[in-house]
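> After the structure tokens below, expect a handful of questions from me.
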Amino acid sequence: MLKTQEYWAHTDDGWQLHMKRTVRSGLERTRGRPVLIVPGYGMNGFIFGFHPRGTSLESCLAMADIEVWTVNLRLQGASRPLHRNAGQPSLRRYAELDVAAAVQVVLKYTQTTADKVDLFGCSLGGSIAYAHMALVGDQRIGSLVTVGAPLRWADVHPAVRFAFSSPRLAGAFKMGGARTLAKAALPLLARRAPRLLSVYMNSAHVDLERVSELIQTVEDPHPRVNKDIALWINNSDMILRGINVTSALANIRNPLLVVVSNRDGIVPEPAALSVVEAWGGIDRHILRVGDAVRWYAHADLFVGNDAPADVFEPIAHWLKDRWPNER
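As structure tokens, then:
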């Protein structure tokens, strides 16, 4: 059994961020370090506590005796502005302010004796984690795990390149009803156009019977974030506050685990693995998921039928192997 508790982090520019801690029941104190999971583009943290077949990422890590924290960044989930002048979402604010505020809450309330937090970024959340390390140089971070996360856009799927070809247009487009659209589109594409859906998901590998629950993780993308992504794709490297994030990671030496799928159309392997060459530390590992028969697309890394065994459990083992020895 698992025990969850809600918390709130406050940013310096007026946001209240929703957080959740998950631990195994009866575990009064956990060893090692807590892990903070950061969501990606157009999503919230719901998906970390849900899996169509029952074993979610949160539960898998918590049952391995890891203290698990999730955060909803600004405009994700239950996170809310505290006043009308609160800063709008952007890649820089996610990296500099939101992650920093969440880390502070984790260290304040953790049941461990740790003075560091392991950072776990999913999709764009992994890119935000890279940017946090580059811009903040956070000494409170232990190991870093990223899943399906781009750094340098060394390869871009044509559909993604087209969608973000113009920063001006991307920043002007305000999308609404993404959750309703996803509820209708996912089952339809799985039946009628699985090849089109395969850019994002292997429909043979994901149980869509619970799509009404699955889509609770979907959020409307913010125009400013769309513009930031378009600028990033056009530049290849993410430039924030005048800092080239790729270049800055040469100074970061934390342990790094990069998880990639073998047929990810959203974040192709060259984009996800570009961080390995850029990273300054020597403890760098790659977890490749999927093969020619049982292939993985982007979403499968989080909701695939076999993701608990293929993705979540190896991550738990890797994190625990890097915990400091306790005397």
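At position 59 of the sequence shown the residue is numbered 58 (numbering that gives the first Met the number 0), and the sequence of numbers has no breaks. C-beta atoms are modelled at their ideal positions from N, C-alpha and C, and glycine is treated no differently.
(1) Alpha carbon to alpha carbon, what distance is there between GLY41 and GLY175?
(2) Compare the C-alpha of ALA61 against each of PHE45, PHE119, LYS2, ALA99 and name the closest.
(3) Which of the three DSSP states, helix, strand or coil, is assigned to ALA99?
(4) Considering only residues of the segment 233-291, which uninterrupted beta strand (DSSP E) runs meet the minimum length of 3 residues and lie entirely inside it, listed in chain order?
(5) Taking a contact to mean a Cβ-Cβ separation below 8 Å, would you say VAL274 touches GLU268 in this structure?
(6) Go ahead and pull the three-state DSSP assignment for MET62.
(7) Give the C-beta separation of CYS121 and PRO38 to the nearest angstrom, bearing in mind that I take them to be a contact with Cβ-Cβ under 8 Å.
(8) Beta-carbon within less than 6 Å of LEU123's beta-carbon, same chain only, minus the 5 sequence neighbours each way: which residues are those?
(9) On a CA-only basis, which of LEU286, ASP305, GLY279 is nearest LEU318? Give me that one, please.
(10) How is the beta strand (DSSP E) around MET18 delimited, first residue to last?
(11) Measure the alpha-carbon distance for LEU26 versus ILE242 and round it to whole angstroms.
(12) Beta-carbon within less than 7 Å of SER89's beta-carbon, same chain only, minus the 5 sequence neighbours each way: which residues are those?
(13) Looking only at its chain, what residues have a beta carbon closer than 8 Å to the beta carbon of VAL155, apart from the 5 residues adjacent to it on each side?
(14) DSSP three-state call for LEU168: helix, strand or coil?
(15) Quick one: is LEU187 buried, meaning 16 or more other Cβ sit within 10 Å of its Cβ, or exposed?
(16) Specify whether the segment 44-62 and the segment 199-213 touch according to this definition: at least 3 beta carbon pairs, one from each stretch, less than 8 Å apart.
Working from what's here:
(1) As a working note, residue 175 is residue 176 in the sequence shown. As a working note, residue 41 is residue 42 in the sequence shown. Counting only the Cα atoms, GLY41 lies some 11 Å from GLY175.
(2) If you number the sequence shown from 1, residue 61 lands on position 62. Looking from the CA of ALA61, the closest CA among PHE45, PHE119, LYS2, ALA99 belongs to LYS2.
(3) For the purposes of this step, residue 99 is identified with residue 100 of the sequence shown, where counting begins at 1. Here ALA99 sits in helix by DSSP.
(4) Runs found: 255-260, 283-288.
(5) Residue numbering aside, residue 274 sits at position 275 when the sequence shown is read from its first letter. Residue numbering aside, residue 268 sits at position 269 when the sequence shown is read from its first letter. Not in contact: VAL274 and GLU268 (Cβ atoms no closer than 8 Å).
(6) In the sequence shown, the residue the question calls residue 62 occupies position 63. Helix at MET62.
(7) Taking the first residue of the sequence shown as 1, we reach residue 121 at position 122. Taking the first residue of the sequence shown as 1, we reach residue 38 at position 39. About 6 Å separates the two Cβ atoms, so the contact holds.
(8) If you number the sequence shown from 1, residue 123 lands on position 124. Result list for LEU123: GLY39, TYR40, in chain order.
(9) For the purposes of this step, residue 318 is taken as the residue at position 319 of the sequence shown. Checking every option, the nearest Cα to that of LEU318 belongs to LEU286.
(10) Sequence index remark: in the sequence shown, residue 18 carries index 19 (1-based). Per DSSP, MET18 belongs to the beta strand (DSSP E) from 14-23.
(11) Here residue 26 refers to the residue found at position 27 of the sequence shown. Here residue 242 refers to the residue found at position 243 of the sequence shown. Separation of LEU26 and ILE242 (C-alpha to C-alpha, rounded to the nearest whole angstrom) is 42 Å.
(12) For the purposes of this step, residue 89 is taken as the residue at position 90 of the sequence shown. Excluding its 5 nearest sequence neighbours in each direction, SER89 has C-beta neighbours in its own chain below 7 Å: ARG223, VAL224, ASP227, listed in chain order.
(13) Here residue 155 corresponds to residue number 156 of the sequence shown, with the count starting at 1. Closer than 8 Å at the Cβ level, and outside the excluded window around VAL155, lie ILE232, PRO267, ALA270.
(14) To locate residue 168, count along the sequence shown from 1; it is residue 169. Correct three-state label for LEU168: helix.
(15) Numbered from 1 along the sequence shown, position 188 holds the residue referred to as residue 187. With fewer than 16 Cβ atoms within 10 Å of its Cβ, LEU187 is classed as exposed.
(16) The answer is yes - the segment 199-213 touches the segment 44-62, with three or more Cβ pairs under 8 Å.
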